[in-house]
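Engineer:
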Amino acid sequence: ETGVTQTPRHLVMGMTNKKSLKCEQHLGHNAMYWYKQSAKKPLELMFVYNFKEQTENNSVPSRFSPECPNSSHLFLHLHTLQPEDSALYLCASSPLSGGARNEQFFGPGTRLTVL
Amino acid sequence: AQSVTQPDIHITVSEGASLELRCNYSYGATPYLFWYVQSPGQGLQLLLKYFSGDTLVQGIKGFEAEFKRSQSSFNLRKPSVHWSDAAEYFCAVGKASGGSYIPTFGRGTSLIVHP
Numbered sequence: 407e408t409g410v411t412q413t414p415r416h417l418v419m420g421m422t423n424k425k426s427l428k429c430e431q432h433l434g435h436n437a438m439y440w441y442k443q444s445a446k447k448p449l450e451l452m453f454v455y456n457f458k459e460q461t462e463n464n465s466v467p468s469r470f471s472p473e474c475p476n477s478s479h480l481f482l483h484l485h486t487l488q489p490e491d492s493a494l495y496l497c498a499s500s501p502l503s504g505g506a507r508n509e510q511f512f513g514p515g516t517r518l519t520v521l
Numbered sequence: 665a666q667s668v669t670q671p672d673i674h675i676t677v678s679e680g681a682s683l684e685l686r687c688n689y690s691y692g693a694t695p696y697l698f699w700y701v702q703s704p705g706q707g708l709q710l711l712l713k714y715f716s717g718d719t720l721v722q723g724i725k726g727f728e729a730e731f732k733r734s735q736s737s738f739n740l741r742k743p744s745v746h747w748s749d750a751a752e753y754f755c756a757v758g759k760a761s762g763g764s765y766i767p768t769f770g771r772g773t774s775l776i777v778h779p
């Protein structure tokens, strides 16, 4: 596998379920990101991890719980979600060297539907 | 605070016609600017980026963008659009935030290509 992979690609869950989204990058990057993309809304940054340490939490509700066990893997644990949480969840990675001039590499996303 | 404005929500062009997607940014220092493309059901892919040097930047898939500091713009162009270019296009400006490097994305422009 190359690039950034995300599993599952589609997920349907009830409001009382617990599920997890997985992201893996094979690019040797040190920064990883979770974004939420809802219809008709701008891309929303949720969390940022640098070298496994969380550096940004963009006021995300606690029903979303990120985990970064190493620089290659990122998880988003979901519990007691609401229907308005239905969206495309995108994972991205980037190198830290070079700073703000580095582009992000995105995975294909997980399409989440909350019933 | 930095911001990115993409004034056009939708753009419709005929196949073979030229294309220009507008992007205006607000940033206090030299900006790092990016254009990404997102095909339906996919993650974002970098088209091109600018951080210094020649203000006309060439990217993938025949796209180019011109940085105009006096107009705070970074418009994306393509001389002849193909049906496969139908997608969502995002302009972004990179910034440093604490120990992170995070882009600020515009709301996106949806490109519709008529045969």
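Chain order of the listed sequences is S and Z. Offset between the first sequence (1-based) and my numbering: plus 406. Offset between the second sequence (1-based) and my numbering: plus 664. Even for Gly, the Cβ is constructed at its ideal location relative to N, Cα and C. Here the structure is a predicted model, which means the values were calculated and not measured.
1) Could you check if I766(Z) is buried or exposed, using at least 16 other CB atoms within 10 Å of its CB as the buried criterion?
2) Show which residues of chain S have a CB atom less than 9 Å away from the CB atom of P624(Z).
3) Using 8 Å as the Cβ pair cut-off and three pairs as the minimum, do the segment 738–753 of chain Z and the segment 684–694 of chain Z touch?
4) Could you name the residues that DSSP lists as bridge partners for L487(S)?
5) Helix, strand or coil, according to DSSP, for Q722(Z) in the structure here?
6) What is the residue span of the beta strand (DSSP E) that F453(S) lies within?
7) Given that F698(Z) touches chain S, what residues does it touch there, using C-beta distances under 8 Å?
8) Should F481(S) be flagged as near chain Z, meaning a C-beta pair shorter than 7 Å?
9) Go ahead and pull the three-state DSSP assignment for G707(Z).
10) Comparing alpha-carbon positions, which option in T486(S), Q443(S), E490(S) lies nearest S426(S)?
11) Between the C-alpha atoms of G692(Z) and N423(S), what's the straight-line distance to the nearest angstrom?
12) Would you check if the segment 718–737 of chain Z and the segment 464–482 of chain S touch, i.e. whether three or more CB-CB distances between them fall below 8 Å?
13) Quick check on this structure: which residue in L502(S), L484(S), E473(S) has the alpha carbon closest to the alpha carbon of H435(S)?
14) Counting only C-beta atoms, is L449(S) closer than 7 Å to chain Z at any point?
15) Could you check how far apart the C-beta atoms of N476(S) and K447(S) are, in whole angstroms? I think they sit under 8 Å.
16) Got a sec: which bits of the segment 730–749 of chain Z sit with their beta carbon under 8 Å from any beta carbon on chain S, in order along the chain?
17) Any beta carbon from chain Z within less than 7 Å of F512(S)'s own beta carbon?
18) Pull up the distance between the alpha-carbon of H778(Z) and that of S748(Z), whole angstroms please.
Structural biologist: In terms of the structure at hand:
1) buried
2) The shown model of chain Z, from 665 to 779, leaves out residue 624(Z), and the question about it has no answer.
3) Output reads yes: the segment 684–694 of chain Z touches the segment 738–753 of chain Z.
4) Under DSSP, no beta-bridge partner is assigned to L487(S).
5) strand
6) 450–456
7) E509
8) no
9) Coil.
10) For S426(S), the nearest C-alpha among the options comes from T486(S).
11) Between the C-alpha atoms of G692(Z) and N423(S) there is a straight-line separation of about 45 Å.
12) When Cβ pairs closer than 8 Å are counted between the two stretches, the segment 464–482 of chain S is seen not to touch the segment 718–737 of chain Z, the count staying below three.
13) L502(S)
14) yes
15) Actually they are not in contact, since the Cβ atoms of N476(S) and K447(S) sit about 31 Å apart, beyond 8 Å.
16) none
17) yes
18) 11 Å
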